[in-house]
Amino acid sequence: MNIPLSITKNIHDWLFEVMSAPVATVVEKVLIAVAFLGFFALAGLLLVYMERRIAAFFQLRLGPNRVGPQGIFQTIADALKLVSKELTGTVKADQFLYKLAPYFLIVASLMALSVLPFSKELHAFDINIGVFFLIAISSIGVIGILIGGWSSNNKYALIGAMRSGLQTVSYELSVGLSILTIVVLAGSLQISEIIEAQRNGWFIIQGHIPAVIAFMIFMIAGTAETNRAPFDLVEAESELGAGFHTEYSGMNFAYFFLAEFINMFIIAAIGTILFFGGYLSPFGITESIPLLGVFWFMIKVLGLVFLMMWFRWTFPRLRVDQLLTLEWKYLLPINLFNIVLMAIIVWLGLTINF
Amino acid sequence: METTFEKNSFKSEEYFINMGPQHPATHGVLRLLLTIDGEIIKNVEPDLGYIHRSIEKMCERDSYQQIVHLTDRMDYLSAHINNEAVCLAVENALGLEVPERVKVIRTIIAELTRLASHQLWWGVMGMDVGALTTYFYGFRDREMINDIFEETCGARLTMNYNIPGGLMFDIHPNFVQRTKDFVAHFKTKLPEYDTLLTGNVIFQKRTKGVGILTKEDAISFGTSGPVARASGYSCDVRKLHPYSAYDRVNFNEALFTEGDTFARYRVRIQEMWESLAIIEQLIDNIPEGDYKTATNAVIKLPKGEFYQKVETARGELGVFIVSDGKKNPYRLKFRSPGFSNLSALKKMAVGSKLGDLVAMMATLDIVVPDIDR
Amino acid sequence: MGYFSDIYNGIKTLLTGMSVTGKYFINARKEIITQEFPNNRDTLKMFDRFRGEVVMPHDENNEHRCTGCQKCELACPNGSIEIIWDRVIDEETGKKIKAIDKHIYHLSMCTMCGLCIEACPTDAIKWSQNFSNSAYDRTVLTKVLNKPGSKIMPGVKDKE
């Protein structure tokens, strides 16, 4: 299988000039990994800050505003605190699994992150089954939650973990099917091709009615996938205290916390790629400068992230049986119908193209 | 240990879980012993006593003026109404007639207290079902009431503004204007409570048909206040046994018949409208006069038993004084609304889900110091 | 058709809910309700009747109005006030009168009920409006209200 690795060609060429090919390949891979780890940490911290600040404004508060200008370094200070904290744990926990669980989440998030295109050239891993890869990888995270909840030997954590299991298994379907709706329209699973197909209008416009329905379902199911309110049954604080990560402290807790926010970023990024043209600028105004694609991509992603935060700070939480009712009685039938509708629209050529 | 895999592997087991004393949903140090099968509650057993301060025993030690401030610490969200209950009991026992001005001011402040309590409850109710933002909107409006209290009474929560025979001091000159401002402000904000939470489809699904308490059960458990009125049991002390200035105001008793969590929610929203109406009727007609009638420095009640009940934000608070003619009561018993309301929890909760229990607890509007005393 | 009207109503109520929070988000800067407390400690003004702690005002001659009648001590439900008194010879009349040696106030035991201030016949004690009285050492909270070397203001007498 030929996997093109087209991240910033200059660095690539330079590396292969100064080193022998095998060494250069290894160095290149390491550089990419470090870059993604850095992005993981920084984006996570930025999103946490954004969430706190936005939540504060929804709630007529000020939010963090002490550390740095407008409190921008607050989450970094928090992270430093969490790093320095003792890692407490329960004696009766299954020690191996208990310590393993946070890494499952991180690895899953990092792997999903790797296929996201930040701009035309800035794309680490443009696999030809990109969307399928994303759906597959995003299911791994829940294993971390399940293991973490089960192994910490706490009843609250166990309830949280079991809720997480049923929730993710159910909503995986909706995420997958709503993505498939767009795949029908795009005719490809490769992310770069999906984005390039949107040069003639973003898919939410091209696919009009079924695309809007798919987008709504995707946002609902995506919010559920990331275990955020109104689907935050996993860590429903008024019911379960802290849910599955009750027994985690310090950096182990921070891994869960960061992974949640990175997952939110990933869901928003998938939404951007599939519905809003990824890194493409609106009406092609900055097509000549590929680097500005990063800017547009981030703007769109943060817009969707904001939408998810808006959900969180407005809606009450669903009950566990209503969560399943919503998925199996509403989202799934509508989704299946929606795919058929999209197929008919594509078949008859009723898409809107500019 | 023998493995009996074939026999028991598919048998579901009930398990036992401690909710509280430290838990976000129990609103204080209440401990619930839950027996759960998966998510379904099989049994709820409230365990009390974590914040017992023997207030009733302390009352036997104190003089009648001193008792009043202890009642602030029972149901701290309706502190003024608790004070009023003790003062009314003492005044009735003495046969003391308080000035009209006192009656009206007491009623206005009692209704403001009820509003403040319900606002806090609304915020916490939203938080318990997962809508965290309601908490801050509720507190924003409550803050205005607290400022009114602070300016007139000197404290925001434990006001201790009543003394047997009247009020500790006269209302602040700004009181009337501030109260009018608040009423005008809150009339614009209360519909927002409805659009944000009441109408929300998730909230309605969470609360409708959940935690049903029938009228018969409501009466037999001795529930009172909004909990009983949501089941159709008309029990508003302000209507049935008017005290202070409630005999001269027009208001409707908020009464619903469904008896579910949503009905209990709507009773309190309705009560907020009624409280606003009561305040509006009284605020312009505060009679001139003294703010207290003189009592002896040492109040001695005649021998006998005296009972006075009032309607706090949570229900019927009864004060039962047994006096042997000395300067402190022989025995003083508070009939607190929260205790009886909590007793109905098991009836409501068994068979429903864990998330429902939290919503039910929120609509019982429990203040744990009121239950334990 | 209940199925589809359910969906429609559901989405409609969710959007109205979002419009409420969205409106506050847009106006967030104007409607902030919280305060940055330790920063505004110096400018924060409490209401006149606010019950901060019990103080005994002294005038410029280091004189107070407390006769040592102990009515506040009796009125206090929690025993937060202790008065240590002595009999001294009044300079004007030559009689022995009661005078305070120390008016001890335990802030840590005080519930701010205000009964002592109501009970005082000579207005010797009153509420101060200071706040955030917490301390690292509880002995700090036991205060002697009359200043050292102070004496009673001339003319202030027990009404008994």
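Protein chains in written order, with the working numbering: chain A, 1 to 354; chain B, 355 to 727; chain C, 728 to 887.
Positions of the beta carbon are idealized from the N, C-alpha and C atoms, including for glycine.
Since we're looking at a predicted model, the values are computed, not measured.
Other residues of its chain near residue i: CB distance less than 7 Å, five sequence neighbours each side excluded
i	result
ASP391 (chain B)	SER366, GLU368
PRO4 (chain A)	Bear in mind that the predicted position of PRO4 (chain A) carries a pLDDT of just 42, short of 50, making it too unreliable to give a figure here.
GLU184 (chain A)	Reading off the sequence shown, one finds Val at residue 184 (chain A), where the question assumed Glu. Excluding residues within five positions, the ones whose Cβ falls inside 7 Å are ILE339, MET342, ALA343, VAL346.
LEU323 (chain A)	GLN167, PHE231, LEU233
ASN446 (chain B)	PHE660, GLN662
LYS541 (chain B)	LEU630
LEU511 (chain B)	TYR430, ALA433
ASN606 (chain B)	GLU628
SER807 (chain C)	TYR832, HIS833, MET836, CYS837
GLY165 (chain A)	VAL142, LEU146
LEU134 (chain A)	ALA112, VAL115, ILE270
Among the options, nearest to residue i - alpha-carbon criterion
i	options	result
ILE824 (chain C)	C:CYS793, C:ASP850, C:CYS840, C:GLU809	C:CYS793
ALA667 (chain B)	B:LEU544, B:GLU465, B:PHE557, B:ASN516	B:GLU465
GLU665 (chain B)	B:ARG532, B:ILE556, B:ALA439	B:ALA439
GLY508 (chain B)	C:VAL781, C:GLU800, C:GLY737	C:VAL781
GLU237 (chain A)	B:ALA447, B:GLY709, B:MET412, B:HIS472	B:GLY709
THR223 (chain A)	A:THR246, A:ASN338, A:ALA268, A:LEU185	A:ALA268
ILE299 (chain A)	A:ARG66, A:ILE220, A:ASN153, A:THR272	A:THR272
ALA124 (chain A)	A:PHE315, A:MET111, A:LEU350, A:TYR103	A:MET111
THR506 (chain B)	C:ASP733, C:GLY876, C:ASP775, C:CYS843	C:ASP775
ILE831 (chain C)	C:GLU818, C:GLU758, C:GLY795, C:THR740	C:GLY795
GLU497 (chain B)	B:THR533, B:SER598, B:GLU410	B:THR533
HIS472 (chain B)	B:ARG494, B:ARG460, B:PRO375	B:ARG494
LEU95 (chain A)	A:ILE147, A:LYS329, A:GLN206, A:HIS208	Reading off the sequence, residue 95 (chain A) comes out as Gln, not Leu. GLN95 (chain A) has its Cα closest to that of A:ILE147, out of A:ILE147, A:LYS329, A:GLN206, A:HIS208.
MET626 (chain B)	B:VAL483, B:LEU521, B:GLY492, B:GLU393	B:GLY492
TYR730 (chain C)	A:TRP202, A:PRO333, A:GLY349	A:PRO333
VAL815 (chain C)	C:GLU809, C:PRO765, C:ASN805, C:ASP828	C:ASP828
PRO765 (chain C)	A:LYS29, A:TYR49, A:ARG66, A:GLN59	A:ARG66
Cβ neighbours of residue i in the same chain (closer than 8 Å, five flanking residues each side left out)
i	result
VAL704 (chain B)	ILE395, LYS396, ASN397, VAL398
GLU634 (chain B)	VAL537
ILE653 (chain B)	SER417, TYR418, GLN419, VAL444, LEU448, PRO518, LYS681
PHE858 (chain C)	LEU771, MET773, PHE777, GLY779
MET702 (chain B)	GLY565, ILE566, LEU567, MET714
ASN604 (chain B)	ALA631, GLN635
6 Å Cβ shell around residue i - same chain, five flanking residues per side excluded
i	result
ILE140 (chain A)	ALA108
THR869 (chain C)	HIS833
GLU356 (chain B)	The predicted position of GLU356 (chain B) is uncertain, since its pLDDT is 49 and thus under 50; a value taken from the coordinates is nonetheless stated next. Excluding sequence neighbours, GLU356 (chain B) sits near nothing in its chain.
SER629 (chain B)	GLU465, ARG468, LEU469
Cross-chain neighbours of residue i in chain E, by beta carbon under 8 Å
i	result
GLY553 (chain B)	Of the protein chains in the structure, A, B and C, none is chain E.
Local Cβ density within 10 Å of residue i, reported as buried at 16 or more and exposed below that
i	result
ASN695 (chain B)	buried
TRP476 (chain B)	buried
TRP14 (chain A)	exposed
PRO69 (chain A)	exposed
ALA35 (chain A)	exposed
GLU763 (chain C)	exposed
HIS406 (chain B)	exposed
PHE297 (chain A)	buried
SER732 (chain C)	exposed
HIS539 (chain B)	exposed
MET1 (chain A)	Summary for MET1 (chain A): the model assigns pLDDT 32, below 50, so the residue's position carries little reliability; its value from the coordinates is reported in the next sentence. MET1 (chain A) is exposed by the Cβ-count criterion.
Residue i CB to nearest heavy atom of the ligand SAH below 8 Å
i	result
GLY613 (chain B)	With respect to the ligand SAH, the structure offers nothing, as it holds no ligand at all.
Item to check | Near-chain C residues of the stretch 217-241 of chain A - C-beta to any C-beta below 7 Å | outcome: If the cut-off is 7 Å between Cβ atoms, the stretch 217-241 of chain A has nothing near chain C.
Item to check | Contacting positions in the stretch 552-582 of chain B - beta carbon closer than 8 Å to chain A | outcome: Correct list: ASN554, ILE556, PHE557, LYS559, ARG560.
Item to check | Residues from the stretch 470-498 of chain B in contact with chain A, defined by Cβ distance under 8 Å | outcome: GLY480, MET481, ASP482, VAL483, GLY484, ALA485, LEU486, THR487, TYR489, PHE490, TYR491, ARG494
Checklist entry - Curious, which full-length alpha helix (DSSP H) runs of at least 4 residues does the stretch 47-119 of chain A contain? => result 74-84, 95-114
Item to check | alpha helix (DSSP H) segments (min. 4 residues) lying fully within the stretch 268-347 of chain A | outcome: 292-312, 320-325
Item to check | Positions along the stretch 54-66 of chain A whose CB lies within less than 7 Å of some CB in chain C | outcome: PHE57, PHE58, LEU60, ARG61, LEU62
Checklist entry - Listed in chain order, which residues of the stretch 751-766 of chain C have Cβ atoms closer than 7 Å to some Cβ of chain B? => result ILE760
Item to check | Residues of the stretch 431-465 of chain B whose Cβ lies closer than 7 Å to any Cβ of chain C, in chain order | outcome: none
Checklist entry - At a Cβ cut of 8 Å, what residues of the stretch 283-317 of chain A count as close to chain C, listed as they run along the chain? => result TRP310, PHE311, TRP313, THR314, PHE315
Checklist entry - If you measure beta-carbon to beta-carbon, which residues of the stretch 371-395 of chain B are closer than 7 Å to chain A? => result ILE371, HIS377, PRO378, ALA379, GLU393
Checklist entry - Where in the stretch 441-500 of chain B do unbroken runs of the alpha helix (DSSP H), each at least 4 residues long, occur, reported from the N-terminal end onward? => result 454-482
Next on the checklist: I'd like the ranges of any alpha helix (DSSP H) spanning at least 4 consecutive residues and lying wholly in the stretch 834-859 of chain C.
Outcome noted: 842-846
Item to check | Within 7 Å of chain A by C-beta, residues of the stretch 703-726 of chain B in sequence order | outcome: Of all residues in the stretch 703-726 of chain B, only LYS707, LEU708, GLY709, ASP710, VAL712 place a beta-carbon less than 7 Å from a beta-carbon of chain A.
Item to check | Length at least 3, wholly inside the stretch 769-797 of chain C: the beta strand (DSSP E) runs in chain order | outcome: Here the runs fully enclosed are 780-782.
Next on the checklist: Against chain C, which members of the stretch 329-354 of chain A pass a CB distance test of less than 7 Å?
Outcome noted: So the list reads TYR330, given in the order they occur along the chain.
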